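By UniProt numbering, the letter at position 117 of the sequence shown is numbered 117, and the numbering carries on one by one without gaps.
Glycine included, every Cβ here is placed at the ideal spot set by N, Cα and C.
As the structure is a prediction and not an experimental result, all values here were calculated from the model.
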Amino acid sequence: MTGNWGRWGSDDEAGALNLVTPDVTLKAARLVRTGRTLGLAQPLGPSTASPRHRPGPMRFMNRDAGDYALGARSPGGFRFAEDTVQFPTHSGTHADTLAHAWTGEEIYNGHPQSSTRTTRGAQRCGAEKLVPVVTRGVLVDLVAATGGPLAASAPVGVDELRRGIAEAGVTPETGDAVLIRTGWLETQGNGGDYFADEPGITAEAARWLADHDVALVGADNYAVEQQSATSGFPAHLLLLHQHGVPLLENLELAELGDALAAEARSTFLFVFAPIPLVGSTATPVTPVVVL
Numbered sequence: 001m002t003g004n005w006g007r008w009g010s011d012d013e014a015g016a017l018n019l020v021t022p023d024v025t026l027k028a029a030r031l032v033r034t035g036r037t038l039g040l041a042q043p044l045g046p047s048t049a050s051p052r053h054r055p056g057p058m059r060f061m062n063r064d065a066g067d068y069a070l071g072a073r074s075p076g077g078f079r080f081a082e083d084t085v086q087f088p089t090h091s092g093t094h095a096d097t098l099a100h101a102w103t104g105e106e107i108y109n110g111h112p113q114s115s116t117r118t119t120r121g122a123q124r125c126g127a128e129k130l131v132p133v134v135t136r137g138v139l140v141d142l143v144a145a146t147g148g149p150l151a152a153s154a155p156v157g158v159d160e161l162r163r164g165i166a167e168a169g170v171t172p173e174t175g176d177a178v179l180i181r182t183g184w185l186e187t188q189g190n191g192g193d194y195f196a197d198e199p200g201i202t203a204e205a206a207r208w209l210a211d212h213d214v215a216l217v218g219a220d221n222y223a224v225e226q227q228s229a230t231s232g233f234p235a236h237l238l239l240l241h242q243h244g245v246p247l248l249e250n251l252e253l254a255e256l257g258d259a260l261a262a263e264a265r266s267t268f269l270f271v272f273a274p275i276p277l278v279g280s281t282a283t284p285v286t287p288v289v290v291l
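Have a look at this one:
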């Protein structure tokens, strides 16, 4: 298998996140100008849209205003509420782990696919292996570059990636997080069409990103890559399986696009801190941008 298999040793399960070294983080920190922070996650709750093959998030109140009022017999007694939330890990804004997609008999780095066939979750490359990183983010703003959201199933190739970076001379660098704004969430986010025929990166674009040694790739759609009735998931296989690049799906990128346009730039400090759900094939995440 080509790509990053064996690059960080035969036991590696963090993949391209290894590319974010202390030097990469220190360099990214110099991009901070105003200190303004933006969260890129969708609100996650019962109204969060889900594809038909996944149940939506559900909430159960374990303790509410009528229960377990400690000291309630006295005025001002302590009261509390608790709840349980149940949802598929591939819900809302999340990171696909390196246990999520593969071809053949092995997941990323040659770990056996049998390690994912257990009720205890993935024994290799699960969400707990996605280390937190702080790195340079690069926004590929195709809404700004083309004058509006992309059409259904529009391909985002290498030329489109280059065109969507506002700053002349900026290209992806080692350890970058590359985020792609297609406008799909902005136009289709509340309807069933969101989960069909989305615009996104092609296999060639995925290879170009991998060749630039990026650490993360994300988009404002549900699969990052172009989808149609016959497309399959070649970018998933190339990035997740071959190169160990986690994918960030369902990002909120409109506010970031507007903020960067006002400053005429595409780069920023990017914070990725996934929830270490042991053995999970995905995990909710709230990526944070510092401008």
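message = Quick check on DSSP: helix, strand or coil for Pro-22?
response = helix
query = Leaving out the 5 sequence neighbours to the left and right, which residues in its chain are closer than 7 Å to Ile-165 when beta-carbon positions are compared?
reply = Val-138, Val-140, Ser-266
request  = Give a yes or no on whether the C-beta atoms belonging to Pro-57 and Gly-45 are separated by under 8 Å.
outcome  = yes
request  = Could you check which residue in Ala-206, Gln-242, Ala-261 has the C-alpha nearest to that of Gln-226?
outcome  = Ala-206
task = Check whether the segment 253-269 touches the segment 227-243, taking contact to mean three or more Cβ pairs, one atom from each stretch, closer than 8 Å.
result = no
message = What residue range does the beta strand (DSSP E) around Leu-185 cover?
response = No beta strand (DSSP E) contains Leu-185, which is instead part of the alpha helix (DSSP H) from 184-188.
query = In its own chain, which residues sit with a C-beta less than 8 Å from the C-beta of residue 312, not counting the 5 before and 5 after it?
reply = The displayed coordinates of the chain run from 1 to 291. Any statement about residue 312 would go beyond what the structure contains.
query = In the DSSP assignment, what residue or residues form a beta bridge with Asp-96?
reply = Leu-247, Ala-282
request  = Specify, as a first and last residue, the run of the alpha helix (DSSP H) that Glu-204 falls within.
outcome  = 203-211
ask   = Enumerated in chain order, which unbroken segments of the beta strand (DSSP E) with a length of 3 residues or greater are wholly contained in the segment 89-171?
value = 94-96, 133-141
request  = For the beta strand (DSSP E) containing Gly-45, list its first residue and its last residue.
outcome  = Neither: Gly-45 is in no beta strand (DSSP E) and is coded neither H nor E.
ask   = Are the CB atoms of Thr-174 and Pro-199 nearer to each other than 8 Å?
value = no
query = What does a CB cutoff of less than 6 Å around Pro-155 pick up in its chain, not counting 5 residues either side in sequence?
reply = Thr-202, Gln-226
message = Let's test the definition: count the other Cβ atoms within 10 Å of the Cβ of Arg-136 and tell me whether it reaches 16, buried, or not, exposed.
response = buried
Proximity to Arg-162 [Cα-Cα], best of Ala-151, Leu-142, Ala-177, Leu-239 = Leu-142
message = Check this for me: beta carbons of Pro-287 and Phe-270, under 8 Å apart or not?
response = yes
ask   = If you run the structure through DSSP and keep just helix, strand and coil, what is Phe-233?
value = coil
ask   = Measuring CB to CB, does Ala-145 end up less than 8 Å from Leu-248?
value = no
task = Specify the secondary structure class of Phe-80 as computed by DSSP and reduced to three states.
result = coil
key: Minimum C-alpha distance to Trp-8 - residue among Tyr-108, Asp-83, Ala-29   = Tyr-108
inquiry  = Let me make sure I understand the geometry here. Which of Val-131, Glu-160, Thr-97 has the alpha-carbon closest to that of residue 308?
reply    = Because the chain here runs from 1 to 291, residue 308 falls outside it and cannot be looked at.
Burial state of Glu-167, where buried means 16 or more other Cβ atoms lie within 10 Å = exposed
inquiry  = Using a 10 Å radius around the Cβ and a threshold of 16 neighbouring Cβ atoms, would you call Ser-228 buried or exposed?
reply    = exposed
inquiry  = Between the alpha carbons of Val-290 and Pro-22, how many angstroms are there, rounded?
reply    = 18 Å
query = Who are the near neighbours of Phe-195 in its chain, counting only those whose CB is closer than 7 Å to its CB and skipping five residues on each side?
reply = Pro-51, Tyr-222
key: Ser-47 to Ser-10 span [Cα, whole Å]   = 42 Å
task = Tell me Ile-180's beta-bridge partners as DSSP assigns them.
result = Val-140, Ala-219
task = Kindly indicate if chain D contains any beta-carbon less than 8 Å away from that of Ser-47.
result = You won't find chain D in this structure, because it holds only one protein chain.
task = Pick out whichever of Leu-240, Ala-219, Leu-31, Leu-17 has its Cα sitting closest to the Cα of Phe-272.
result = Leu-17
message = Using a 10 Å radius around the Cβ and a threshold of 16 neighbouring Cβ atoms, would you call Leu-26 buried or exposed?
response = exposed
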